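J.:
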């Protein structure tokens, strides 16, 4: 008996079609991506449609079955066409009949999905497991994997990719043409480049993201992979190649009608285009239904997102992004074809069996929940899962089924689709599968991790369900991964893998949708030393067996299961022309791992005996590179003035010819002495982390030179003598007697000891002159030098918080608002901030170099070698009378501040976008331009200078410590500026204003001397509508505008700037004002030239140049950061170096040497977090605005002693031999 099938959800009457009697029916052409999926039979193909509802139709079909069973002759074939059934056919049918009688008629058989049961056209719900440039790896239920090609994400994305490819081909054809663009056009092109170029998959998707997809094809096991070849993570790609999915909304949402949509319904939509308040969506619904997503988040056109229906207004559907949390179930029953994956429903339990649950949806459709998606806490709770109970679930898959499959699965299979659901919490709430502590599952249990597991359940022919003791994460071991031997079936009550037994297992993969660990108990897997290439330790010496020898590579095997390769340069210490003569297959020998490449799944080794037997560290990563490290290197090639050497892996270093030998040699001689492939010993002399550039020296790696770098020959506090070797800026380079260790002595200390001027000391000190009575103040083992001083540090005398000490000022930096002082009689150097110099900030001045003062210690750090001090009278002699005279209390933290408080501070930095004020040693505030003055000031930067005392009002205090301050007098006096300005300005009035902001739809103006501000739309800028007039304006421009609309109650105003709004007299007034401004600017420039000409000295000129560079650096950084968020607290503290005394407040100088330098660095990391700015108008964690010379290095390979003076910070870095 054959019965017609209906497509659920298509209940509209269909016109009758006359079928030809003897001609073959021509089918309509089918799209390629749809042709691979099974075509569903239409309802009543030989007759008309039906007007019955799905429930009525279902009842009619059931009644027809009952009548068919009652009548033996109904729909029976004629006896003449009956075939004689064989004995085997009869036995098969009897077995099927017996199996059917055992299955209750009120439930659906619970089955697990596998690659054989998965049919094209199945809609699935899964999570993204991995993202690759050309495909997504998706984890679907029951430990299955699939992939989505980049061309199957959405039609919009495919079109953008094709357009980009076409444009690239056009650009290649027009390479020879000259294209001239203005700077403004280049800026606009840079702004639009990100939106015009198609997005990468990793930009629009993330690992753990939930997606809805449709199966396009399922291939047999062992199919050849098309992508992901030879890279780490291939364990995912290989299996995911079997199933190809598509996320195209027109396919995924196939079967949905407008009547199926209701609040809470989940849809997969493609972002079509951006709008003013959100994005239009392509829902893929054929009923001319349009979607809109109101959001401020930035989405890329062509990306696919999961959304929930908020409201439906005719054909317009308003959506919202589907977020994690408890969902609201769909209350209106959609059609069966619209029961798509991801839809939240409340299911009625009809039966509970060990394999899972049978449920009923909306009283019409049957569904199943397999055991992996039953909540673990309820799996054995028969009362909670009793028939008749309701449970929250999401649809996991919706599979088409032909007539024969429906007959075998259940007698109730009307509707021709099977539905699978999940009731576990991470699926219902759309949470990313994770372990305890919200750690991603792939990070908490990486591949290769060994665990002890306990068997919980046994599937006879499938595998073991296990649990990890102490972890709330289930695991699954496939039957093929239980043992190295072949196993047919597993037993739950007997055998080595029965329920309750514990075994060692190793993670081999992750099933994110099921929140499972895929594991293996095979002895061969457990014995592997490495599971992934990234786990192989670089530099380790291993035993290898040669597999194959070729002139270009030798292939070896480690530990019996890990393959590696040796390239010709590493065949031997000498060059081998015929390596096959020395190395034979199956020969075992030692090798050293020098590089791993997870992307290519490659391990590179060396067979050079000099590298294998060496004890020196192998530098294979930038994180391992430090100045002063001695390591082995292999000569790669000779450059015009240097040699290129290989350190390890892909790291390369440059050795200048001057550092290749102790004696002068020509390039030809150096080439003969150091041929390609030779192993040499080098010392890292310079490292630039930003660029990855590494400089090395072969001369400094010699034993004689290294002996000079041995700082262990002396101890801190030891009395020594040294001979003068030369000058480097203001530091004398000495050699200790008799150890030969390098030493440094500041010119300031030397001149103070001899009581003569510094210039006279520099001129009188002779080469090789012996200096005695020196003491070792500090040792720098990394850079190989010691710092000397004439003062004997008393290491036994420690500095205590609250103690009073006599101090001498060593450094004063007025532009940094601090001085460095030396606590006499101790090895401690301290920092004195300007706000700690006086109880009245109006009188706060830093002491001069050489001044002595009494101070009190506020805090100590770095083993009491560094401290913060204060000379405030209220701190030195606290009393009621003194405290009463304190004008500006100490501000140690933001807890002492309140919004609305009036407070004074010292200007710390002036930038193009605002002023930064220091309220205390560790507390800074920001003042935006609009909060500087009540009235408009054209050039506010001339009104402030560093160290100036200002008074303001606290506007805002962020939890992260950011403080917003206002310097407006109106806020201090408690009145609003021009309070009646809104009532005095009327429509049609012409006012003077300035540009306050610029947007793509117009400019914002503020009337001068008032707080009246509003928008001038771009259509009101010019009488020429086609002109792009916005580009003619800049922030701060003075304009004359016409008030077009005015609403004083709502404080809204609209301006107009069209020339047609003004007469000639108005324009003349504007020209006169511009001329006056130009004259003022010229006068300022002339005055500046006169002032600068008065300073003639070399040192002053140098300081001025550095200041100009600093301003240029700050302005450039501000332009780059103009569009960034103001709240950026993730910047690392800058290093502030100090000359003269060796005061290392950073404490890291002995650990992170970038160069052979003496660093006098001020530590800010160990202090309280400094809340200040770096450059521009953004928050950072810097003490000061950085100079332009922070990273300034002389790149000349032949110059060993290049110094960089940074006058604006009072800093010197001394490069020494």
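In this note's numbering, the protein residues as written are 894 to 2110. Idealized CB from N, CA, C, for every residue including glycine. These numbers were taken from a predicted model, which means no experiment stands behind them.
(1) So, with DSSP's three-state summary, where would you put residue 1858?
(2) Check this for me: beta carbons of residue 1232 and residue 1159, under 7 Å apart or not?
(3) Can you tell me where the alpha helix (DSSP H) holding residue 1095 begins and where it ends?
(4) For the region 1347 to 1356 against the region 1377 to 1385, are there 3 or more C-beta pairs whose distance is under 8 Å?
(5) Residue 1247: buried (16+ other C-beta within 10 angstroms of its C-beta) or exposed?
(6) Between residue 1807 and residue 1015, what straight-line distance do the alpha-carbon atoms span, to the nearest angstrom?
(7) Would you kindly work out how many angstroms separate the C-alpha atoms of residue 1814 and residue 1708, rounded to a whole number?
(8) Pick helix, strand or coil for residue 1142, following the three-state DSSP scheme.
(9) Are three or more beta carbon pairs between the region 1043 to 1055 and the region 1194 to 1201 nearer than 8 Å?
(10) Note down the Cα distance separating residue 1031 from residue 1103, rounded to an integer number of angstroms.
(11) Indicate whether the contact test is met: 3 or more Cβ pairs, each with one atom in the region 1210 to 1228 and one in the region 1330 to 1347, closer than 8 Å.
(12) Which of the three DSSP states, helix, strand or coil, is assigned to residue 1184?
(13) Which word fits residue 1792, buried or exposed, when buried means at least 16 other C-beta atoms lie within 10 angstroms of its C-beta?
(14) Does the count of Cβ pairs from the region 1394 to 1401 and the region 1438 to 1457 closer than 8 Å reach three?
(15) What is the DSSP secondary structure of residue 1129, counted as helix, strand or coil?
(16) Per DSSP, residue 1253 is paired with what?
(17) Do the region 1402 to 1418 and the region 1433 to 1440 meet, that is, are 3 or more Cβ pairs less than 8 Å apart?
(18) Cutting at 6 Å between CB atoms, please list the residues of its own chain near residue 1192, excluding the five before and the five after it.
(19) What's the C-alpha gap between residue 1942 and residue 1876?
(20) Leaving out five residues before and five after residue 1691 in sequence, what residues of the same chain have Cβ atoms less than 6 Å from its Cβ?
(21) In terms of DSSP beta bridges, what is residue 1396 paired with?
(22) Consult DSSP for residue 1234 and reduce its assignment to one of helix, strand or coil.
(23) Under three-state DSSP, which class holds residue 1390?
(24) Can you check whether the CB of residue 1715 is closer than 7 Å to the CB of residue 1703?
(25) By DSSP, does residue 1878 sit in helix, in strand, or in coil?
(26) Which whole runs of the alpha helix (DSSP H) in the region 1655 to 1728 are 4 residues long or more, in chain order?
(27) Closest by CA to residue 1166, which one among 1151, 1157, 1154, 1183?
(28) Can you tell me where the alpha helix (DSSP H) with residue 1642 in it begins and where it stops?
(29) Quick one: any contact between the region 1754 to 1768 and the region 1718 to 1727, if contact means 3 or more CB pairs under 8 Å?
(30) Strictly by DSSP, which residues pair up with residue 1771?
(31) Hey, is the region 1494 to 1504 in contact with the region 1550 to 1559, meaning 3+ C-beta pairs nearer than 8 Å?
(32) Could you spell out where the alpha helix (DSSP H) holding residue 1561 opens and where it closes?
(33) Between which two residues does the beta strand (DSSP E) containing residue 1455 stretch?
(34) Residue 1394: buried (16+ other C-beta within 10 angstroms of its C-beta) or exposed?
(35) Are there three or more Cβ pairs, one per stretch, closer than 8 Å when the region 1848 to 1864 is compared with the region 1816 to 1829?
(36) For residue 1745, I'd like the list of residues in its chain whose CB is within less than 6 Å of its CB, leaving aside the five on either flank, ordered along the chain.
T.: Reading off the structure:
(1) As a working mapping, residue 1858 is identified with position 965 in the chain shown. Looking at residue 1858 - three-state DSSP - the assignment turns out to be strand.
(2) Numbered from 1 along the chain shown, position 339 holds the residue referred to as residue 1232. Numbered from 1 along the chain shown, position 266 holds the residue referred to as residue 1159. Not a contact, by the Cβ cut-off of 7 Å.
(3) Locating residue 1095 in the chain shown gives position 202, counting from the first residue. 1094 to 1097 is the extent of the alpha helix (DSSP H) around residue 1095.
(4) yes
(5) For the purposes of this step, residue 1247 is taken as residue 354 along the chain shown, with counting starting at 1. The residue is exposed, with fewer than 16 neighbouring Cβ atoms inside 10 Å.
(6) Here residue 1807 refers to the residue found at position 914 of the chain shown. Here residue 1015 refers to the residue found at position 122 of the chain shown. If you take the alpha carbons of residue 1807 and residue 1015, they lie about 59 Å apart.
(7) Walking along the chain shown from the start, residue 1814 turns up at place 921. Walking along the chain shown from the start, residue 1708 turns up at place 815. Roughly 14 Å separates the two Cα atoms.
(8) On the chain shown, residue 1142 is found 249 positions in, with the first residue counted as 1. Here residue 1142 sits in helix by DSSP.
(9) yes
(10) Residue numbering aside, residue 1031 sits at position 138 when the chain shown is read from its first letter. Residue numbering aside, residue 1103 sits at position 210 when the chain shown is read from its first letter. Their backbone Cα atoms lie some 9 Å apart in a straight line.
(11) no
(12) Position 291 of the chain shown, counting from 1, holds the residue named residue 1184. Strand, per DSSP.
(13) Taking the chain shown and counting its residues from 1, the one referred to as residue 1792 is at position 899. Residue 1792 is exposed by the Cβ-count criterion.
(14) no
(15) Your numbering for residue 1129 matches position 236 in the chain shown. Three-state result, residue 1129: helix.
(16) As a working mapping, residue 1253 is identified with position 360 in the chain shown. Per DSSP, 1241, 1259.
(17) no
(18) Start at 1 with the first residue of the chain shown, and residue 1192 comes out as number 299. If we look at residue 1192 and ignore the five residues flanking it on each side, its Cβ neighbours are 1164, 1172.
(19) One-based indexing of the chain shown puts residue 1942 at position 1049. One-based indexing of the chain shown puts residue 1876 at position 983. Taking the straight line joining both Cα atoms gives about 9 Å.
(20) Residue mapping note: residue 1691 aligns to position 798 of the chain shown, counting from 1. 1757.
(21) Counting from one through the chain shown, the residue named residue 1396 turns up at place 503. According to DSSP, residue 1396 bridges with 1346.
(22) Taking the chain shown and counting its residues from 1, one reaches residue 1234 at position 341. The answer is coil: DSSP assigns residue 1234 none of H, G, I, E or B.
(23) Taking the chain shown and counting its residues from 1, one reaches residue 1390 at position 497. Here residue 1390 sits in coil by DSSP.
(24) By 1-based counting over the chain shown, the position of residue 1703 is 810. By 1-based counting over the chain shown, the position of residue 1715 is 822. Cβ distance < 7 Å, so residue 1703 and residue 1715 count as in contact.
(25) Against the chain shown, residue 1878 aligns to sequence position 985. Coil.
(26) none
(27) Position 273 of the chain shown holds residue 1166. For the residues 1151, 1157, 1154, 1183, the minimum Cα distance to residue 1166 belongs to 1183.
(28) Translated into positions along the chain shown, residue 1642 becomes position 749. Taken as a continuous stretch (DSSP letters only), the alpha helix (DSSP H) holding residue 1642 covers 1640 to 1647.
(29) yes
(30) Against the chain shown, residue 1771 aligns to sequence position 878. Partner(s): none; residue 1771 has no beta bridge.
(31) no
(32) Taking the chain shown and counting its residues from 1, the one referred to as residue 1561 is at position 668. First-last of the alpha helix (DSSP H) with residue 1561: 1560 to 1566.
(33) Within the chain shown, residue 1455 is the residue found at index 562, counting from 1. Residue 1455 -> beta strand (DSSP E) spans 1455 to 1459.
(34) By one-based count along the chain shown, residue 1394 stands at place 501. Exposed.
(35) yes
(36) Walking along the chain shown from the start, residue 1745 turns up at place 852. 1701, listed in sequence order.
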